[in-house]
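Heads up: the structure comes next, in structure tokens.
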Amino acid sequence: MDLTELLELEHQGWKSLCNSAGADFYGKMMTDEGVMTLAHGFVLDRDQVVASLNDAPPWSSYEISEERLVHSSDDAAVLVYRGKAWRGDAEPAFEAWMSSVYVKAGDEWRLASYQQTPIP
């Protein structure tokens with residue numbers, strides 16, 4: 001896996017969150033044991049992520065920048081990037097450092113862990 005492939009998966013995820021399809025996308029993308037560690041102190045397993053995204057308002061837009069591939073092997077890769085997302089003009093942007101850990105499952109890459117660290 002290279003940086004371009006990982007970024008494409010991240011963009012697919014963000015687009016699903018903008019289109020209210022995040023529950024379906026992450027339900028398929030995450031490993032069975034996968035977790036998301038979110039900025040507000042929650043650690044959610046795959047089923048909790050899916051349930052929370054069913055009720056989440058969509059993001060209106062997002063940006064990914066300062067992306068870098070921290071580790072890559074034949075069966076695992078880590079992407080770190082700065083993410084910024086908006087839910088409309090009335091709310092301030094959410095901005096955080098984000099990292100996604102992907103593992104190979106058969107012929108597919110799956111999300112094993114995702115973590116956010118807010119940028120003050």
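First residue of the sequence shown: 1, per UniProt numbering; consecutive thereafter.
Note that the Cβ used here is the ideal one computed from N, Cα and C, for glycine as well.
Keep in mind the model is a prediction, meaning the values are calculated, not measured.
Looking at the backbone, the Cα of F25 and that of L111 are separated by about 11 angstroms. Residue state for S73 is assigned as coil, using DSSP reduced to three classes. The continuous beta strand (DSSP E) containing F94 extends over residues F94 to A105.
The shortest CA-to-CA distance from Y114 to any of M98, Y81, D107 and P92 is the one to M98.
Contact annotation, R46 with D55: C-beta distance approximately 16 angstroms; criterion of less than 8 angstroms not satisfied.
Rounded to whole angstroms, the separation of the alpha carbons of G88 and E66 is 23 angstroms. Here the alpha carbons of G106 and T117 stand approximately 30 angstroms from one another. Within the same chain, Cβ atoms closer than 6 angstroms to the Cβ of V50 are found at A23 and G27, the five residues on either side in sequence being excluded. Assignment of A21 by DSSP, reduced to helix, strand and coil, places it in the coil class.
In the three-state scheme derived from DSSP, where H, G and I count as helix and E and B as strand, L38 is classed as coil.
Put simply, the backbone Cα of V101 is about 7 angstroms away from that of A76.
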